[in-house]
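Structure first, commentary second.
Protein chains in written order, with the UniProt record's numbering: chain A, 1 to 344; chain B, 1 to 344.
Here you go:
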């Protein structure tokens with residue numbers, strides 16, 4: 001729940017508050033346009049305009065109806081500009097509360113709250129799914145890291161059977177069981193080794209590719225990732241880190257990816273990093289490539305809206321996991337299970 | 001880290017503080033006896049006596065050495081009463097800091113920080129371990145609950161291969177996989193169903209039994225659980241809930257277990273519940289049976305010390321998971337993998 005200051009403000013600080021409100025629009029799954037006293041004017045029209053630009057669903061709530069009721073005149077005026085639900089409400093007496101909840105329920109898009117299956121479209125009930133999960137020093141003692149947990153649960157939710165093993169037991173598994181997994185998902189780091197053991201007719205991908213589908217713009221990422229092969233001397237690359245507190249991600253975004261990219265391409269590249277959800281550079285088309293982090297702390301919508309100015313300007317976009325897969329030479333094989341056409 | 005008020009206090013409140021300090025002794029893996037100014041007298045001797053009674057390892061730290069150094073005389077006096085490490089230290093200047101850390105490192109027992117394998121003694125490298133994990137409404141969306149996570153990780157840590165499935169896929173697994181698991185671990189709720197499918201020559205147990213070994217006094221629990229069969233009209237049963245904030249555990253301890261026990265035995269039983277780590281009743285031998293919760297929020301030592309007054313008085317002790325297994329008629333089969341002799 002984000003409570004903004006609205007946009008009817010003035011002065012230097014006021015302008016900052018307005019910008020903050022407009023930024024918030026890009027991140028929410030549904031907005032509530034709050035008015036009162038039958039006031040509906042330019043500020044409200046500007047907001048409706050912004051909602052439209054950002055594909056943000058919204059409802060209109062006329063508050064303080066215990067003091068001044070929403071008039072037919074105002075309602076008709078609002079209806080000239082929107083098809084959104086309009087509810088008369090009082091936060092003090094709670095009049096209209098159920099109507100507000102109903103309006104929200106009908107307006108928030110299903111995809112915002114329905115949990116999306118990770119691999120449900122790739123497997124059938126009763127299938128075997130093999131997860132290769134190396135245990136490294138980053139994994140907390142006695143626990144499975146979140147992507148592994150989520151994948152196991154997703155397999156079970158799809159009524160399939162999950163096999164979990166370390167890469168060291170992979171060979172033994174194929175030698176001793178007569179199971180042919182419907183798909184093998186491995187930690188990216190072990191991909192090079194795993195692909196030498198998994199038979200070619202078994203689909204093989206990585207956790208990072210699977211999770212790119214959950215939090216990002218998968219098809220654009222696929223195109224954008226392949227643009228890595230076309231980078232030239234002097235190209236600028238923007239790296240977006242959605243949160244500011246994951247030290248290991250910071251290391252990946254600021255040290256490892258720039259190093260790997262420079263080494264892989266052999267070009268002189270320039271990198272900018274932006275951390276958190278702060279302002280993006282205005283000159284989006286200065287950049288050849290944007291690399292977004294996995295976005296584990298933000299919503300899909302936040303990621304998509306943050307990348308929109310770039311994809312609108314036809315700047316290539318990808319994310320950490322897919323870029324790393326590409327740089328490790330595992331990208332095309334790891335994409336096969338998703339039936340995306342291979343590079344021509 | 002528990003910072004106690006010590007035991008040199010007076011008055012009503014002082015006495016409460018002293019009791020609190022003495023209670024803390026029962027729960028810690030190592031104590032630091034803090035003295036200063038070469039004062040070492042009856043309070044310290046009483047504490048050393050308490051450490052001994054509770055099997056609590058400890059070190060002696062003489063603080064404020066920047067003001068008054070530990071004298072040879074004091075040191076020799078202390079050495080008359082203990083073989084524990086004695087370190088001169090200053091919390092202000094940090095003099096002696098490394099020596100304190102070394103002394104702690106040598107004194108804290110290994111079992112306090114070494115993570116104990118759940119089933120490492122029951123399986124070999126390369127074995128298959130089958131976990132049956134029903135997905136019920138209590139499991140948070142997209143996650144595996146902690147005991148399942150810990151079990152999967154334990155299998156991997158032992159370089160074995162983990163198969164995870166819901167009970168609905170169990171039959172298919174045995175029909176199609178040609179794998180013979182070294183052990184099957186199931187959620188207790190599904191045990192009745194699972195045992196009809198798992199062949200008799202494959203060891204089968206439940207998560208609750210496996211975790212009883214981690215947090216409790218397993219062998220005493222086994223004996224105590226069997227005492228359920230000998231309960232008589234009028235027997236008193238004490239239920240110990242180690243924490244106060246798990247609503248679903250509260251329901252198990254206050255409603256379900258009393259109901260199931262009464263129904264199973266057909267006797268008129270009396271139940272007391274104690275929540276948190278507060279005072280135990282003094283008349284321990286009033287009780288025929290003590291049932292401890294799983295102890296997920298406390299240490300093994302806390303559980304063991306809390307049960308000690310009862311086991312010392314030969315009151316039967318068990319825990320939630322094992323009692324429930326017994327009441328569901330799955331106890332003896334679920335114990336087989338642990339080579340505990342069956343009831344004669």
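Just so you know, even glycine gets a beta-carbon here, dropped at the ideal spot from N, CA and C.
Using beta-carbon positions only, say whether residue 84 of chain B and residue 56 of chain B come within less than 8 Å of one another. By the CB criterion at 8 Å, residue 84 of chain B and residue 56 of chain B fall outside the cutoff.
Should residue 271 of chain B and residue 239 of chain B be called a contact, given that it needs their Cβ atoms to be closer than 8 Å?
In this structure, the beta-carbon distance from residue 271 of chain B to residue 239 of chain B falls below 8 Å.
Going by C-alpha distance, which of B/42, B/11, B/51 and B/241 is nearest residue 28 of chain B? Residue B/51 is the option with its Cα nearest to residue 28 of chain B.
Q) What is the DSSP secondary structure of residue 36 of chain B, reduced to helix, strand or coil? A) Strand.
Residue 31 of chain A in three-state terms, based on DSSP: Look at residue 31 of chain A here: in three-state DSSP terms it is strand.
Check whether the Cβ of residue 152 of chain B lies closer than 8 Å to any Cβ atom in chain A. Yes, residue 152 of chain B counts as interfacial toward chain A.
Problem set entry | Buried or exposed (CB count within 10 angstroms, at least 16 for buried), residue 19 of chain B | Exposed, because fewer than 16 other Cβ atoms sit within 10 Å of the Cβ of residue 19 of chain B.
Discussion item. By alpha-carbon positions, which one of B/337, B/295 and B/211 ends up nearest to residue 201 of chain B?
Written reply: If we check each option's Cα against that of residue 201 of chain B, B/337 comes out closest.
Open item on the list: Looking at the ligand NAP, does it come within less than 7 Å of residue 325 of chain A, judged from the CB to the closest heavy atom?
Closed with: The model depicted lacks the ligand NAP and carries no ligand whatsoever.
C-alpha gap between residue 15 of chain B and residue 7 of chain B, whole angstroms: Those two C-alpha atoms are separated by around 8 Å.
Please classify residue 343 of chain B as buried or exposed, where buried requires at least 16 neighbouring CB atoms within 10 angstroms.
Residue placement at residue 343 of chain B is poorly supported in this model, since its pLDDT is 41, which falls under 50; the coordinates still yield a value, given next. With fewer than 16 Cβ atoms within 10 Å of its Cβ, residue 343 of chain B is classed as exposed.
- Three-state class that DSSP yields for residue 212 of chain B in the structure shown: The three-state reading of DSSP puts residue 212 of chain B in helix, counting H, G and I together.
Fill in: Residue-level contact to chain B via CB, residue 178 of chain A, 8 Å cutoff
For residue 178 of chain A, the answer is yes, since a Cβ of chain B falls inside 8 Å of its Cβ.
Residue 133 of chain B: buried (16+ other C-beta within 10 angstroms of its C-beta) or exposed? Residue 133 of chain B is buried by the Cβ-count criterion.
query: Could you give the residue range of the alpha helix (DSSP H) that holds residue 177 of chain A?
result: Taken as a continuous stretch (DSSP letters only), residue 177 of chain A belongs to no alpha helix (DSSP H), as it is neither H nor E.
*Assign residue 230 of chain A to one of two classes, buried (16 or more other C-beta atoms within 10 Å of its C-beta) or exposed (fewer than that).*
Residue 230 of chain A is exposed by the Cβ-count criterion.
Inset, instruction - Kindly indicate the opening and closing residues of the beta strand (DSSP E) around residue 287 of chain B. - result: Taken as a continuous stretch (DSSP letters only), residue 287 of chain B belongs to no beta strand (DSSP E), as it is neither H nor E.
Problem - Against chain A: residues of the region 140-164 of chain B by CB proximity under 7 Å - result: Shown in chain order are the members of the region 140-164 of chain B whose Cβ falls below 7 Å from a Cβ of chain A: 141, 142, 143, 144, 149, 150, 152, 153, 156, 157, 159, 161, 162, 163 and 164.
Whole-angstrom distance between residue 34 of chain A and residue 108 of chain A, CA atom to CA atom: Cα atoms of residue 108 of chain A and residue 34 of chain A: separation of roughly 16 Å, rounded to the nearest angstrom.
Exercise. Going by C-alpha distance, which of A/206, A/298, A/40 and A/303 is nearest residue 333 of chain A?
Worked result: The candidate whose alpha carbon is nearest that of residue 333 of chain A is A/206.
Which residues in the same chain as residue 125 of chain A place their Cβ atom closer than 8 Å to its Cβ, once the five residues preceding and following it in sequence are excluded? Excluding the 5 residues flanking it on each side, residue 125 of chain A has same chain C-beta neighbours closer than 8 Å at 158, 159 and 160, in chain order.
In terms of residues, what are the limits of the alpha helix (DSSP H) holding residue 50 of chain B? Bounds of the alpha helix (DSSP H) holding residue 50 of chain B are 42-53.
Which bits of chain B does residue 126 of chain A rub up against, with CB to CB less than 7 Å?
The answer, in chain order, is 169 and 172.
**Request:** State the CB to CB distance for the pair residue 262 of chain A and residue 177 of chain B, rounded to an integer number of angstroms; the pair is presumed to be in contact (CB under 8 Å).
**Result:** Contact flag wrong, Cβ pair sits at about 47 Å.
Is it true that the CB of residue 209 of chain A sits closer than 8 Å to the CB of residue 297 of chain A?
Remark: C-beta atoms of residue 297 of chain A and residue 209 of chain A do not approach each other more closely than 8 Å.
Cα separation between residue 330 of chain A and residue 192 of chain A?
When rounded, the separation of the alpha-carbon atoms in residue 330 of chain A and residue 192 of chain A is 7 Å.
Open item on the list: Using only CA atoms, which one of A/70, A/39, A/228 and A/294 lies nearest to residue 260 of chain A?
Closed with: Comparing Cα-Cα distances from residue 260 of chain A to each of A/70, A/39, A/228 and A/294, the minimum goes to A/228.
Original post:
Taking just the CA atoms, how far does residue 222 of chain B sit from residue 289 of chain B?
Top reply: Their Cα atoms are separated by approximately 12 Å.
>> Only counting the same chain, and skipping five residues up and downstream in sequence, which positions put a Cβ closer than 6 Å to that of residue 268 of chain B?
In response: So the list reads 233, once near-sequence residues are dropped.
Practice item. Output yes or no for whether 8 Å exceeds the beta carbon distance between residue 291 of chain B and residue 265 of chain B. Key: Not a contact, by the Cβ cut-off of 8 Å.
In angstroms, rounded to a whole number, what distance separates the CA positions of residue 182 of chain B and residue 59 of chain A?
-> Those two C-alpha atoms are separated by around 58 Å.
Contacts around residue 106 of chain A, its chain only, beta-carbon distance under 8 Å, and the 5 residues preceding and following it disregarded = Here the set comprises 85.
ask   = How long is the line joining the alpha carbons of residue 5 of chain B and residue 17 of chain B, rounded to whole angstroms?
value = Across the structure, residue 5 of chain B and residue 17 of chain B are spaced so that their CA atoms are roughly 6 Å apart.
Exercise for review: Check whether the Cβ of residue 133 of chain A lies closer than 8 Å to any Cβ atom in chain B.
Suggested key: So, interface residue.
Requested in this report: Let me know the alpha helix (DSSP H) ranges lying completely inside the region 74-128 of chain B, each 4 residues or longer, listed in chain order.
Outcome: Complete alpha helix (DSSP H) runs here, min 4: 97-107 and 110-113.
*asked:* Considering only DSSP beta bridges, list what residue 271 of chain A is partnered with.
replied: Paired residues: A/237.
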